[in-house]
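No gaps in the numbering here: position 96 of the sequence shown is 96 in my numbering, and each next residue is one more.
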Amino acid sequence: MAIKITDECINCGACEPECPNTAIYEGADDWRYADGTDLEGNIVLPDGKEVNAEEAQEPVSDELYYIVADKCTECLGFHEEPQCAAVCPVDCCVPDEEHEETEEELLGKQSFMHKE
């Protein structure tokens, strides 16, 4: 499952540079599928939705740092544990029950975004 940032976030930003998928953004910042990935142009997401990878997407939060669930792989394929949770000083990076995924699905998402 993806990781989410709870309301306990103190906006310190420690998590953002640790994410290998660039799935973490500062509150109110637009995000893109292309940010920190190999995705470009028109793409078809694993759920069948078609988007332009470079097109700005609406922020998930206007006030706090947030994680884009579609880009979060819990760091699988890169690290043994989610790096955001490892560095968070207030332990507000937690599993997102609304985005449950198997290890196979998370690794599939990782290989989709990073075309080694």
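For glycine and all other residues, C-beta sits at the position ideal for the given N, C-alpha and C.
- prompt: Tell me which same chain residues have a C-beta within less than 7 Å of the C-beta of His114, skipping the five on either side of it?
  reply: Thr37 and Asp38
query: How would you write the range of the beta strand (DSSP E) that Glu105 sits in, first residue to last?
result: Note, Glu105: premise wrong, no beta strand (DSSP E); alpha helix (DSSP H) at Glu103 to Met113.
message: Across the stretch 94–105 and the stretch 48–66, are there enough close Cβ pairs to call them in contact, namely three or more that are closer than 8 Å?
response: Segments in contact, no.
- request: Let me know if Pro82 comes out buried or exposed under the rule of 16 or more other beta-carbons within 10 Å of its beta-carbon.
  value: Using a 10 angstroms sphere on the CB of Pro82, the tally of other CB atoms reaches 16 or more, which defines it as buried.
For Val51: DSSP bridge partner residues: Answer is Ile43.
task: Look at Tyr173 and Pro59 and say whether their C-beta atoms are less than 8 Å apart.
output: Not covered by the structure: residue 173. The range shown for the chain is 1 to 116.
field: Nearest-angstrom beta carbon gap, Asn21 and Thr102 [assumed within contact, 8 Å]
entry: That belief does not hold up - the Cβ atoms of Thr102 and Asn21 are roughly 17 Å apart, past 8 Å.
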